[in-house]
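There are 2 protein chains.
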Amino acid sequence: MVRLVSVCASLNDDELALLEQLANPTHFASGETLFTQGAEAHCVYNVTGGVIRLYKLLSDGRRQVVGFALPGDFLGLAMRDAYGFSADAIGDVAVCAFSRAAYTALVDAKPHLLKRLHEFATHELTLAHEQMLLLGRRTAEEKLICFLLGMQQRWARLGKPSVTVPLPMTRQDIADFLGLTIETVSRTFTRLAKEKTILIVPGGVRVMNPERMHAVAA
Amino acid sequence: MVRLVSVCASLNDDELALLEQLANPTHFASGETLFTQGAEAHCVYNVTGGVIRLYKLLSDGRRQVVGFALPGDFLGLAMRDAYGFSADAIGDVAVCAFSRAAYTALVDAKPHLLKRLHEFATHELTLAHEQMLLLGRRTAEEKLICFLLGMQQRWARLGKPSVTVPLPMTRQDIADFLGLTIETVSRTFTRLAKEKTILIVPGGVRVMNPERMHAVAA
DNA sequence: TTGCCGCATTGATCTGGATCAAATCCGCGG
DNA sequence: CCGCGGATTTGATCCAGATCAATGCGGCAA
Chain E
189 MVRLVSVCAS LNDDELALLE QLANPTHFAS GETLFTQGAE AHCVYNVTGG VIRLYKLLSD
249 GRRQVVGFAL PGDFLGLAMR DAYGFSADAI GDVAVCAFSR AAYTALVDAK PHLLKRLHEF
309 ATHELTLAHE QMLLLGRRTA EEKLICFLLG MQQRWARLGK PSVTVPLPMT RQDIADFLGL
369 TIETVSRTFT RLAKEKTILI VPGGVRVMNP ERMHAVAA
Chain F
189 MVRLVSVCAS LNDDELALLE QLANPTHFAS GETLFTQGAE AHCVYNVTGG VIRLYKLLSD
249 GRRQVVGFAL PGDFLGLAMR DAYGFSADAI GDVAVCAFSR AAYTALVDAK PHLLKRLHEF
309 ATHELTLAHE QMLLLGRRTA EEKLICFLLG MQQRWARLGK PSVTVPLPMT RQDIADFLGL
369 TIETVSRTFT RLAKEKTILI VPGGVRVMNP ERMHAVAA
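Protein sequences appear in the order of chains E and F. Quick note, the first sequence lines up with residues 189 to 406 if you use the working numbering. Quick note, the second sequence lines up with residues 189 to 406 if you use the working numbering.
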């Protein structure tokens with residue numbers, strides 16, 4: 189079983205053993221829904237494999253993707269009784285599910301686990317502020333470039349450093365994450381490729397001119 | 189001294205006394221800066237009076253306001269070594285400042301204080317997700333209306349329920365919060381006033397048609 | 001191999017909100 | 001009371017990105 193590296197790095201062996209007793213390894217096929225915004229929050233999840241789309245919907249169908257969960261990520265910080273967003277699998281996904289009751293009890297019993305969770309929440313909040321800046325004030329090109337560099341960095345931290353950034357999500361997902369339309373995402377990718385800033389490859393993008401990209405993301 | 193109601197509701201009297209020893213009551217005049225994005229984070233703050241603008245800047249001057257801190261709010265969740273955003277006073281502001289060292293030590297010693305902080309962080313994260321939806325997918329009119337209802341709700345929770353929403357920040361601040369320009373904010377307010385959805389009064393706005401507004405915010 | 005079908009790209013046109021440009025308004029110091 | 005300076009409103013025009021509309025491109029089931 190994949191180590192619950194993200195949340196659990198601060199636990200000792202006894203505690204890890206305890207945690208693994210509570211963990212229910214589960215998997216979801218491509219497109220399956222883990223949970224839906226507004227539903228009662230029964231479980232929290234630690235992602236062990238695959239990518240998950242997290243999103244909010246408006247009643248008329250407009251969608252905002254609030255994040256993509258990668259292996260190691262923890263779903264359950266931003267919830268009280270009900271889930272604040274929906275989550276579904278992009279490709280096949282493996283998670284460890286915990287009942288909320290067990291999770292709550294464990295957190296109450298282990299202050300340093302709580303501390304670790306709080307650090308995560310704090311980090312998420314910082315990222316959320318970055319995303320507000322991106323959504324509110326950046327141009328389409330800047331949005332795309334920041335997104336690519338951000339994904340590259342996240343894959344790198346998972347031990348997959350590469351100039352080729354995997355993009356398992358659809359163009360529509362990217363558009364809904366960046367507050368753009370699918371056409372604008374596509375056109376902007378094409379333009380960046382034409383000027384050799386990136387190279388579009390199946391399933392992702394290869395970073396060809398990181399200097400320019402980092403300059404734009406500034 | 190104003191009770192540190194927000195963070196400290198879960199503390200007992202001994203702990204509150206301890207906390208008040210650590211608290212440095214401070215105030216800032218209108219426009220003064222509490223701290224700047226990127227600076228080393230020496231202090232955390234609990235707002236006891238006034239309103240604070242929290243914002244991020246791009247190198248070319250584009251600004252995104254990531255929030256407005258009201259009395260009771262806590263500044264210091266979303267930071268590690270350096271402040272992730274800048275903060276300055278809108279009108280005169282009173283805060284309790286805590287050194288980060290003292291804050292860290294106290295939090296380590298008091299798990300239920302940490303738990304309370306974590307609940308706050310979690311709530312902030314939920315609000316941040318809402319704001320992403322607003323910035324990425326809502327129209328100018330929807331943005332303004334959501335903003336007004338949100339401010340009304342926040343004032344109400346502070347014991348100031350009223351159909352008149354105080355807006356001590358400038359139009360530019362509102363624009364930078366909603367990802368709009370000052371002209372669009374002004375025009376949209378004017379339009380809402382013309383159709384009697386709101387009434388613009390000195391220092392704020394009076395909600396005239398809450399039904400319509402809540403329907404739009406849906 | 002063929003024919004879908006869902007994604008993605010590309011093109012033409014439109015438009016909400018930005019930008020540029022004046023007025024007004026208003027609080028305040030002299 | 002007057003004049004100044006910042007904030008706000010209002011008007012005219014522009015444009016980045018949305019919308020509308022084909023077309024292209026795989027992957028895969030039969």
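Beta carbons are placed, not taken as given, at the ideal position from N, Cα and C, and that holds for glycine. Predicted model, so just to flag it, every value in this text is computed and none were measured.
For F/Arg191, three-class secondary structure by DSSP:
Indexing the second sequence from 1 puts residue 191 of chain F at position 3. Annotation note: pLDDT 44 at F/Arg191 (below 50); position unreliable, coordinate value reported separately. Here F/Arg191 sits in coil by DSSP.
F/Ala344: buried (16+ other C-beta within 10 angstroms of its C-beta) or exposed?
In the second sequence, the residue the question calls residue 344 of chain F occupies position 156. It is exposed - the Cβ of F/Ala344 has fewer than 16 other Cβ atoms within 10 Å.
Close Cβ partners of E/Thr221 (< 6 Å) along its chain, the five nearest in sequence each way excluded:
Taking the first residue of the first sequence as position 1, residue 221 of chain E is located at position 33. Counting only Cβ-Cβ distances below 6 Å, and skipping sequence neighbours, we find Asp276.
Spatial distance of E/Arg342 from E/Thr376 (CA atoms):
Numbered from 1 along the first sequence, position 154 holds the residue referred to as residue 342 of chain E. Numbered from 1 along the first sequence, position 188 holds the residue referred to as residue 376 of chain E. Distance between the alpha carbons of E/Arg342 and E/Thr376: 22 Å.
Straight-line CA distance for E/Ser274 to F/Gln209?
Your numbering for residue 274 of chain E matches position 86 in the first sequence. Your numbering for residue 209 of chain F matches position 21 in the second sequence. Their backbone Cα atoms lie some 44 Å apart in a straight line.
Euclidean distance between Cα positions of E/Arg251 and F/Ala211
Residue numbering aside, residue 251 of chain E sits at position 63 when the first sequence is read from its first letter. Residue numbering aside, residue 211 of chain F sits at position 23 when the second sequence is read from its first letter. Whole-angstrom Cα-Cα distance: 43 Å.
E/Ile278 and E/Gly237 - do their beta-carbons sit closer together than 9 Å?
As a working note, residue 237 of chain E is residue 49 in the first sequence. As a working note, residue 278 of chain E is residue 90 in the first sequence. Contact: no.
Residue closest to E/Val253, alpha-carbon to alpha-carbon, out of E/Pro398, E/Phe365, E/Ala406, E/His306:
Counting from one through the first sequence, the residue named residue 253 of chain E turns up at place 65. Considering only alpha carbons, the answer is E/Phe365.
Find out if the Cβ-Cβ distance for the pair F/Arg410, F/Phe256 is shorter than 9 Å.
It is not possible to answer for residue 410 of chain F, since the shown part of chain F is limited to 189 through 406.
Going straight from the alpha carbon of F/Ile386 to that of F/Val281, what length do you get?
Numbered from its first residue, the second sequence carries residue 386 of chain F at position 198. Numbered from its first residue, the second sequence carries residue 281 of chain F at position 93. The alpha-carbon atoms of F/Ile386 and F/Val281 are separated by roughly 28 Å.
For E/Arg375 and chain F, any beta-carbon pair shorter than 9 Å?
Start at 1 with the first residue of the first sequence, and residue 375 of chain E comes out as number 187. No, its Cβ sits nowhere closer than 9 Å to a Cβ of chain F.
Look at the Cβ atom of F/Ile333, then the Cβ atom of F/Leu380, and state whether they are nearer than 9 Å.
In the second sequence, residue 333 of chain F corresponds to position 145, counting from 1. In the second sequence, residue 380 of chain F corresponds to position 192, counting from 1. Contact flag set, yes.
Tell me which same chain residues have a C-beta within less than 7 Å of the C-beta of F/Glu409, skipping the five on either side of it?
A query on residue 409 of chain F cannot be resolved here, the shown segment of chain F reaching from 189 to 406 and no further.
Taking its Cβ as the centre, do 16 or more other Cβ atoms sit within 10 Å of E/Gly391, making it buried, or is it exposed?
Translated into the one-based positions of the first sequence, residue 391 of chain E becomes position 203. Counting Cβ neighbours within 10 Å, E/Gly391 comes out exposed, since fewer than 16 surround it.
What distance in whole Å lies between the Cβ atoms of E/Leu305 and E/Leu265, which are believed to be in contact at a cut-off of 8 Å?
Sequence index remark: in the first sequence, residue 265 of chain E carries index 77 (1-based). Sequence index remark: in the first sequence, residue 305 of chain E carries index 117 (1-based). With a Cβ gap of about 7 Å, E/Leu265 and E/Leu305 count as contacting.
Quick check: the Cα distance between F/Leu192 and F/Gly260, rounded to an integer number of angstroms?
Here residue 192 of chain F refers to the residue found at position 4 of the second sequence. Here residue 260 of chain F refers to the residue found at position 72 of the second sequence. Legend: pLDDT at F/Leu192 = 49, less than 50; position of this residue unreliable, no value from coordinates given.
Counting only C-beta atoms, is F/Ala257 closer than 9 Å to chain E at any point?
Counting from one through the second sequence, the residue named residue 257 of chain F turns up at place 69. For F/Ala257, the answer is no, since every Cβ of chain E falls outside 9 Å of its Cβ.
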